[in-house]
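Q: Below you will find the structure I want to go over with you.
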Amino acid sequence: MFTIRPAAAADLPALARIYNEGILGRDATFETRLREPEELRGWLSGPGPCLVLEAGGIAQGFARGGEYSPRACYAGILDHSVYVTASARGRGYGAELLWALQGAAREAGFHKLTSRVFARNAASRAVHRRAGFREVGTHLCHAQLGGEWLDVVTVEVCL
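Numbering (UniProt numbering), first residue to last: 1 to 159.
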């Protein structure tokens with residue numbers, strides 16, 4: 001049994017724990033510097049929703065929508081991310097978080113979610129497809145991680 005709810009200030013340590021696990025895993029973000037909980041406080045105030053998935057009273061994942069672009073013409077688009085702890089993967093939590101984020105974003109007046117997924121991250125690509133996203137295209141050699149240029153796949157869903 002699990003619940004998905006809006007993140008609150010009390011969740012900041014869990015958000016940092018989960019995000020830092022993703023940073024250390026080197027398969028979901030180009031970030032390399034670990035984050036302190038307070039550094040993530042801005043996630044709680046938008047522009048898009050920030051949701052936490054709890055199972056057994058412990059935060060096991062989160063999904064959030066951040067600014068896609070500062071240009072007014074893109075105000076209805078969110079750049080999203082979804083992270084699930086390694087110990088909770090394979091239970092469908094990623095797709096559940098993405099479905100919940102779509103609903104919360106739609107309710108908040110947004111019309112599209114988009115992100116870039118490491119091309120080599122087959123699990124993330126699959127969970128996005130399960131949650132109704134389509135792969136738009138591949139950016140070759142998009143950014144460096146550990147001295148290696150990596151490809152990313154852009155995913156999107158219209159709400």
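Ideal Cβ positions, reconstructed from N, Cα and C, are used throughout, including at glycine.
1) If you reduce the DSSP assignment to three classes, tell me which class glutamate 107 lands in.
2) Got a sec, what are the start and stop residues for the alpha helix (DSSP H) leucine 24 sits in?
3) How long is the line joining the alpha carbons of valine 127 and alanine 95, rounded to whole angstroms?
4) Alpha carbon to alpha carbon, how far is leucine 40 from leucine 12? Give it in angstroms, no decimals.
5) Does the beta-carbon distance from glutamate 135 to threonine 154 come in below 9 Å?
6) Alpha carbon to alpha carbon, what distance is there between leucine 15 and isoleucine 23?
7) If distances are taken between C-alpha atoms only, which option among Tyr19, Asp79, Asn20 comes closest to glycine 48?
8) Does the region 58 to 65 come within contact of the region 93 to 107, defined as at least 3 CB pairs closer than 8 Å?
9) How many angstroms separate the CA atom of glycine 137 from the CA atom of leucine 150?
10) Have a look at Leu159, Leu98, Ala9 and flag the residue whose alpha-carbon is nearest the alpha-carbon of arginine 125.
11) Can you check which of these residues, Cys50, Arg33, Lys112, is closest to serine 69 by C-alpha distance?
12) Taking all protein chains shown into account, do 16 or more other C-beta atoms lie within 10 angstroms of the C-beta of serine 87, making it buried, or fewer, making it exposed?
A: Here's the rundown:
1) helix
2) 12 to 25
3) 6 Å
4) 7 Å
5) yes
6) 12 Å
7) Asp79
8) yes
9) 14 Å
10) Leu98
11) Lys112
12) exposed
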